[in-house]
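Numbering (the working numbering), first residue to last: 44 to 191.
The beta carbon of each residue, even a glycine, is placed where N, CA and C say it ideally should be.
Computed from a predicted structure; not experimentally measured.
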């Protein structure tokens, strides 16, 4: 099981995917966990998820931690397949549950009720590529192959 979890290719492409995923996902996680970048922090986000969206508390916590800590795991390439799968599930859930009614496109001009699900599809695709291909040669995972 651990061999599959850490399995990866020996090339640099996953590093580019991991850095891209971190740069795009971490700010969203930091908004939810720490209140950075204009976010509401843990308490505000948890309240929104459990109150307005009616998510169970454990799901709210998993989303907040998944985007914040999961993106850091992606950056260093540790438990990459698990972190990427977790965040991909969050992105697909957000697309279906929170953004589907706003249509496909990002709300560039403020003409829509909210943001569409275009971003979430891109993010999920990038993350699924990491689930399939692994973290790559420049990662903690690569250095753990065969050690368990």
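In whole angstroms, what is the alpha-carbon distance linking residue i and residue j?
{"i": "residue 128", "j": "residue 179", "result": "16 Å"}
{"i": "residue 89", "j": "residue 68", "result": "18 Å"}
{"i": "residue 49", "j": "residue 124", "result": "8 Å"}
{"i": "residue 175", "j": "residue 132", "result": "14 Å"}
{"i": "residue 126", "j": "residue 92", "result": "21 Å"}
{"i": "residue 172", "j": "residue 64", "result": "11 Å"}
{"i": "residue 81", "j": "residue 56", "result": "32 Å"}
{"i": "residue 109", "j": "residue 150", "result": "25 Å"}
{"i": "residue 156", "j": "residue 94", "result": "20 Å"}
{"i": "residue 167", "j": "residue 102", "result": "18 Å"}
{"i": "residue 165", "j": "residue 115", "result": "19 Å"}
{"i": "residue 154", "j": "residue 99", "result": "32 Å"}
Would you mind working out which of the options sits nearest residue i, comparing C-alpha positions?
{"i": "residue 60", "options": "189, 182 and 186", "result": "182"}
{"i": "residue 107", "options": "120, 86, 187 and 190", "result": "86"}
{"i": "residue 163", "options": "63, 119 and 138", "result": "138"}
{"i": "residue 104", "options": "121, 76, 119 and 122", "result": "76"}
{"i": "residue 161", "options": "47, 146 and 112", "result": "146"}
{"i": "residue 135", "options": "159, 99 and 58", "result": "159"}
{"i": "residue 71", "options": "96, 113, 99 and 54", "result": "113"}
{"i": "residue 169", "options": "117, 98, 47 and 100", "result": "117"}
{"i": "residue 97", "options": "51, 190, 66 and 141", "result": "141"}
What is the residue span of the alpha helix (DSSP H) that residue i lies within?
{"i": "residue 128", "result": "123 to 137"}
{"i": "residue 68", "result": "56 to 77"}
{"i": "residue 85", "result": "84 to 90"}
{"i": "residue 163", "result": "161 to 176"}
{"i": "residue 98", "result": "Segment: none, residue 98 is in no alpha helix (DSSP H) and carries neither H nor E."}
{"i": "residue 145", "result": "Residue 145 -> no alpha helix (DSSP H), and no H or E assigned at all."}
{"i": "residue 186", "result": "183 to 187"}
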